[in-house]
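Trainee: Residue numbers (the working numbering), protein chains in the order written: chain A, -11 to 306; chain B, -11 to 306.
Right, I'll just put the structure down here and ask away after.
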DNA sequence: TTAACGATTGCACAATTGTGCATTTACAGC
DNA sequence: GCTGTAAATGCACAATTGTGCAATCGTTAA
C-alpha cells in the first residue's frame, strides 16, 4: 500500500503535467496513462486539492490599489493589500482570494534569510497555505501561536503550520497544549512546562506574525467546532464579544473582553503581538464587525482583506 | 489610449479573478463585467499570455527523480533536474516543461539576498520567464551574457533579461552590442567601449549563469532568424558545428569550433563561464546532440531538461 | 466622401469538461 | 465462504469551453 500510494501520487503528477503543460485533453491523458477519462478528471482535481497544482494571479488593478491605500490611511496601518472580488458571493471564495494575496506577500517577505514566523490558524490561513508556491527557505521557522484542537481538519493550527513549513522547506514548531484549558490556573500551568516554554519562546521571538480574525455568532468556526462548549459560548455572548484572534476575545471597541476564556487559552500574549509586526488576514464582509474591533485593539500593522470587506469597512463612518 | 490600456488591463485581471478564484463560468464573468462570453474567453487567454495568471506544478515523481540522478551521475554534474514528459510531442511543450522546472529552481536559488545572475536567451529561457512567479528580490541583478538582436521577439536577450527583472523586481543590465559583429576586430572594439565594459564586468561577476543550448541545422533559432547570414551558415556547416551557447559554437566533441564566428560574437568568454556556476537548459530530444556537445565542453554544473531528452541522453552509450 | 484594410466582435457549431447516479469492486467482520 | 458497507468506477446527460468564419467597426489613404 506504500507502493500503491506512491504510484497514485506519481500518476497524479504525471496527469497534471500532461493536462496543464502538454495541453492534452483529459481523454488523451487517460489514453496515454491507461485510465478512464473520469479517473483523470478526479486525479486532476485531487492534484489541485493536494497543492501539486497551484495557480497564482496578479492582483494589482486600479480599484484594489486605490482601496488598499484608503484602508491603510483610514486605519493607520503600515500597509494594506486588497484582493479583487472573486465574484462568487460566498465566504469561501473570499478566503481563497485573500489567501492568494497573502501567499504572494509572504513569499516576498520570507524569501531571504533566517526568520521566525508566527502563525495562527483558520480557514483563511489554510487558504494561504494552499496558495503558497515557489517559496523555499530552509532557514524559515514557522511557529504556531496557539494551542491545538482535538478534532482538527485542514484548518487547525498544527496543520496550517505544518503545511506552510512543508511547502517552504522550513521547520515547524507547535505549541503542545490544548487550545482551551479548563481553568486559568490550568492554562498557566501548561505554559510553565519546559517543552511548552521552548515553543513559546520561539513564538515570542517571531519578528512577523500572521493571524486571522474570528467573528462571534453562529457562523464562526469556533462556534461550529467543538472547542468551546455551550456555557462558554453563553458567556461570550453575554459579554458582547464580537471578535477573536489567537485565543484572545475582543469587544467591539477593541478592548479585551472580561471573560475568563481570555485567561484559559494558552497562547502568546497581546504584549508579544504588539512587539512583532502583525499581519491580519480578514476575508468576507461577515468579518466587518470583528475586523474593526481587532484593528481598534491597535496591534495590527498590516491588513490583507478582500475587496468586498474593504468596501464595507470604508463605507461606514463609525 | 493610455487610459484604455489601463482599463483593459484591469478588466483582464478582474476577469481572471472571477474565473479562476471565484469559480464563475466565463458566461457569468461576462454578465458581471458587461462583456460577451467570447470577449471573456479571449481576455482569459490574454491574461495567461501576459503572465498575469501563472500555474505551477510539482514535478517530483519517482520516474523523473530517478532519471535526474542517472543523468547527473553519467555526465558528472553537480545537479540535474528532469521535467515530466508533457505528452504533446512538440518542442514547444518540452520548453514549457523545462521552463517551469527552471523557474521553480530559480525562485529557490535567487530568493535571498543580493546576487548577480547572468542569462542567455532563447525560447526555453523565455518559457522560464513566463513560468516565473512569486520570486521577489530587489537585490537581484539580471545581466545579459550576450549581445542583442535587431529583429527580436519575446525570446531575444533583451526581452528575456527584462522580463525576469520585471517579475522579480530586480535590476536588468544589457550588453549594448549586436549579437554578431562583422569582423573579430569589430567585436573586440565594441567590447572595449566603456559602457560595454561596465555591463561586461557585471556579467563576469555573475555567480550564477543560466543559458540554453542551440543546435545546428534547419530548425535552429539562429538559422531561422536573420542573425547569421548564408555565408556564415555555410561556414558553420562546413566546420561540423553541432551546438552553440552564449555566442560560442561547438563541435560534437565539446571543443570550440574553428570558425571566425567564435571571435565575432561580443559576449563573455568561456573562461568566465568556467568560473561561475552554470545551469544549462535543454528542451526536446532534438537537442540531444547539441546538449551532449556542450556538456563535453565541461563548464556546465547543472542541467535542467525534459524527460524525453533525458531518456535519449541515457540510452546511447556513446 | 469613399474605398480598403485590419482589428474586433459575435455566432453557430464542435469539443471538452463536469455531475448525479447506478454499478462494480474491495475488504472487514461474522 | 458470506454479507454488509464504503470506496472506486463508469456512464448518460448537462454545462461549459473552444474554434472557424462571417459580420461589423474604426481608421487610414486616396
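Using N, Cα and C, we set each Cβ at its ideal position, and we do this for glycine too.
Could you check whether the Cβ of residue 290/B sits closer than 8 Å to any heavy atom belonging to the ligand PLP?
Mentor: In terms of ligand content, the structure shown is empty, and the ligand PLP therefore cannot be addressed.
Trainee: Using beta carbons (cut-off 9 Å, strictly below), is residue 292/B in contact with chain A?
Mentor: Chain A contact via Cβ: absent.
Trainee: With 9 Å set as the bound, which would you pick, yes or no: does the beta-carbon of residue 151/A sit closer than that to a beta-carbon of chain B?
Mentor: Output row for residue 151/A: interface = no.
Trainee: Establish whether the CB of residue 57/A and some CB of chain B are separated by less than 9 Å.
Mentor: No, because no Cβ of chain B sits closer than 9 Å to the Cβ of residue 57/A.
Trainee: So, does the CB of residue 272/B fall closer than 9 Å to a CB anywhere in chain A?
Mentor: By this cut-off, residue 272/B is not an interface position.
Trainee: What's the call for residue 219/A, buried or exposed, on a 16-neighbour Cβ count within 10 Å?
Mentor: Per the 10 Å Cβ criterion, exposed.
Trainee: Check each candidate in 18/A, 151/A, 119/A and 107/A and name the one with the smallest Cα separation from residue 133/A.
Mentor: Measuring from the Cα of residue 133/A, the nearest candidate turns out to be 107/A.
Trainee: By the 8 Å beta-carbon criterion, what residues does the stretch -8 to 23 of chain B contribute toward chain A?
Mentor: Listed by position along the chain: -6, -3, -2, 1, 2, 4, 5, 6, 8, 9, 10, 11, 12, 16, 17 and 20.
Trainee: Considering residue 236/A, what are the terminal residues of the beta strand (DSSP E) in which it resides?
Mentor: Looking at the DSSP string, the run of the beta strand (DSSP E) that includes residue 236/A is 236 to 238.
Trainee: Going along chain B in order, which residues have a C-beta closer than 8 Å to the C-beta of residue 101/A?
Mentor: Residues of chain B passing the Cβ test: 100 and 101.
Trainee: Using a Cβ-Cβ cutoff of less than 8 Å, which residues in the same chain neighbour residue -8/A once the five nearest sequence positions on both sides are dropped?
Mentor: In this prediction, residue -8/A has a pLDDT of 36, which is less than 50 and means its spatial position is unreliable; what the coordinates show is noted afterwards. Excluding positions up to five away in sequence, the list is empty.
Trainee: So, at 7 Å on beta carbons, what are the nonlocal neighbours of residue 44/B in its own chain, with the 5 sequence-adjacent residues on each side left out?
Mentor: So the qualifying residues of the chain are 88, 92, 119 and 121.
Trainee: Got a sec: is the Cβ-Cβ distance from residue 48/A to anything in chain B below 9 Å?
Mentor: With 9 Å as the cut-off, residue 48/A counts as an interface residue toward chain B.
Trainee: Compute the Euclidean distance between the alpha carbons of residue 97/A and residue 292/A, then round it to the nearest angstrom.
Mentor: Roughly 14 Å between the two C-alpha positions.
Trainee: Once you ignore the five residues that flank residue 246/A on each side, which residues in its own chain have a CB closer than 8 Å to its CB?
Mentor: The residues are 227.
Trainee: Can you tell me whether residue 22/A is buried or exposed, with buried defined as 16 or more other CB within 10 angstroms of its CB?
Mentor: Under this definition residue 22/A is an exposed residue.
Trainee: At 3 residues or longer, what runs of the beta strand (DSSP E) sit wholly inside the stretch 208 to 283 of chain A?
Mentor: You should have 231 to 233, 236 to 238 and 265 to 270.
Trainee: Would you mind telling me which residues of chain B sit closer than 8 Å to residue 125/A, beta carbon to beta carbon, in chain order?
Mentor: Result: 99 and 100.
Trainee: Contact between the stretch 166 to 176 of chain B and the stretch 246 to 256 of chain B: three or more CB pairs below 8 Å?
Mentor: Yes, they touch.
Trainee: Look up residue 74/A in the DSSP assignment and say whether it is helix, strand or coil.
Mentor: Coil, per DSSP.
Trainee: What residues in its chain sit with their C-beta under 8 Å from that of residue -11/B, if we drop five residues either side in the sequence?
Mentor: Here residue -11/B scores only 28 on pLDDT, less than 50, and its place in the model should not be relied on; the value that follows carries that caveat. Excluding sequence neighbours, residue -11/B sits near nothing in its chain.
Trainee: Is residue 78/B buried or exposed, if buried means 16 or more other CB atoms sit within 10 Å of its CB?
Mentor: Residue 78/B comes out exposed.
Trainee: Under 9 Å between C-beta atoms, does residue 90/B make it to chain A?
Mentor: Judged by the 9 Å Cβ criterion, residue 90/B is not in contact with chain A.
Trainee: Please go through the same chain and pick out, in chain order, the residues whose beta-carbon is closer than 7 Å to the beta-carbon of residue 192/B, but skip the five residues on each side of it.
Mentor: These residues qualify, in order along the chain: 256 and 260.
Trainee: Where do the ends of the alpha helix (DSSP H) carrying residue 29/A lie?
Mentor: 25 to 37 is the extent of the alpha helix (DSSP H) around residue 29/A.
Trainee: For the stretch 63 to 74 of chain B against the stretch 284 to 299 of chain B, are there 3 or more C-beta pairs whose distance is under 8 Å?
Mentor: With the cut-off at 8 Å, the stretch 63 to 74 of chain B and the stretch 284 to 299 of chain B touch.
Trainee: Is it a yes or a no for the stretch 26 to 35 of chain B touching the stretch -5 to 8 of chain B, going by three-plus beta-carbon pairs under 8 Å?
Mentor: Cβ pair count under 8 Å is three or more, so yes.
Trainee: Expressed to the nearest angstrom, what Euclidean distance is found between the alpha-carbon atoms of residue 82/B and residue 9/A?
Mentor: Rounded to the nearest angstrom, the two C-alpha atoms are 9 Å apart.
Trainee: With a cut-off of 8 Å, do at least 3 Cβ pairs link the stretch 39 to 59 of chain B to the stretch 258 to 276 of chain B?
Mentor: Taking 8 Å as the limit for Cβ pairs, the verdict is that the stretch 258 to 276 of chain B does not touch the stretch 39 to 59 of chain B.
Trainee: For residue 232/A, which residues in the same chain have their Cβ closer than 6 Å to its Cβ, ignoring the five residues on either side in sequence?
Mentor: 202.
Trainee: Smallest Cα separation from residue 128/A: which of 112/A, 151/A, 160/A and 117/A?
Mentor: Nearest of 112/A, 151/A, 160/A and 117/A to residue 128/A, Cα basis: 160/A.
Trainee: If you drop the 5 nearest sequence neighbours on each side, which residues of the same chain put their C-beta closer than 8 Å to that of residue 27/B?
Mentor: Answer for residue 27/B: 18, listed in chain order.
Trainee: How long is the line joining the alpha carbons of residue 113/A and residue 31/B, rounded to whole angstroms?
Mentor: The straight-line gap from Cα to Cα measures roughly 30 Å.
Trainee: Does the beta-carbon of residue 306/B have 16 or more other beta-carbons within 10 angstroms, so that it is buried, or is it exposed?
Mentor: Any reading at residue 306/B needs caution, since the residue's pLDDT is 49, under 50, leaving its predicted position unreliable; the model's value is listed next. Exposed.
Trainee: Under 9 Å between the Cβ atoms of residue 125/A and residue 110/A?
Mentor: Contact flag unset, no.
Trainee: Can you pull out the residues from the stretch 24 to 48 of chain A whose beta carbon lies closer than 9 Å to at least one beta carbon of chain B?
Mentor: Those residues of the stretch 24 to 48 of chain A that come within reach of chain B (Cβ to Cβ, closer than 9 Å) are 35, 38, 39, 40, 41, 42, 43, 44, 45, 46, 47 and 48.
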